[in-house]
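To start, the structure under review is shown below, and the notes come after it.
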Amino acid sequence: MSGSSGGGGGGGGGGPCGACKFLRRKCVNACIFAPYFDSEQGAAHFAAVHKVFGASNVSKLLLHIPPHKRLDAVVTICYEAQARLRDPVYGCVAHIFALQQQ
1334 MSGSSGGGGG
1344 GGGGGPCGAC
1354 KFLRRKCVNA
1364 CIFAPYFDSE
1374 QGAAHFAAVH
1384 KVFGASNVSK
1394 LLLHIPPHKR
1404 LDAVVTICYE
1414 AQARLRDPVY
1424 GCVAHIFALQ
1434 QQ
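Numbering (my numbering), first residue to last: 1334 to 1435.
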């Protein structure tokens, strides 16, 4: 996840963003994922997001969030997706339970 596309994706001369690379599609200038999933590490993060939530659902969700709050939403979505893959039953709640036990 990156705060900006960093030249990779969005049709800005670099390669596709991590999401488009994972989905094997052309990354267009208006790509909703390009600012948040860079070309290097973004594909790995997006793979978890896509597996848990689906690319279409995340795209629709991001379109309903004001642009200045999207980075926080993407960070949260990535965290929840990775937690759900680690623990399919409890997801991120397992981490909350562990913290409460301390």
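Glycine included, C-beta positions come from ideal geometry on N, C-alpha and C.
Close beta carbons around residue i, own chain, < 6 angstroms, minus the five adjacent residues each side
{"i": "A1416", "result": "G1424 and C1425"}
{"i": "F1379", "result": "G1351, A1352, F1355 and F1370"}
Contacting residues, own chain, Cβ-Cβ under 7 angstroms from residue i (five flanking each side not counted)
{"i": "G1339", "result": "Annotation note: pLDDT 44 at G1339 (below 50); position unreliable, coordinate value reported separately. Excluding positions up to five away in sequence, the list reads D1371."}
{"i": "H1383", "result": "F1355"}
{"i": "Q1433", "result": "none"}
Continuous alpha helix (DSSP H) stretch holding residue i: start and end
{"i": "D1405", "result": "R1403 to R1419"}
{"i": "F1386", "result": "Counting along the chain, F1386 falls outside any alpha helix (DSSP H), and DSSP gives it neither H nor E."}
{"i": "A1431", "result": "V1426 to Q1434"}
{"i": "K1354", "result": "G1351 to L1356"}
Cβ-based burial, residue i [other Cβ within 10 Å; buried from 16]
{"i": "G1387", "result": "exposed"}
{"i": "F1430", "result": "exposed"}
{"i": "K1354", "result": "buried"}
{"i": "I1365", "result": "buried"}
{"i": "I1398", "result": "exposed"}
{"i": "A1367", "result": "buried"}
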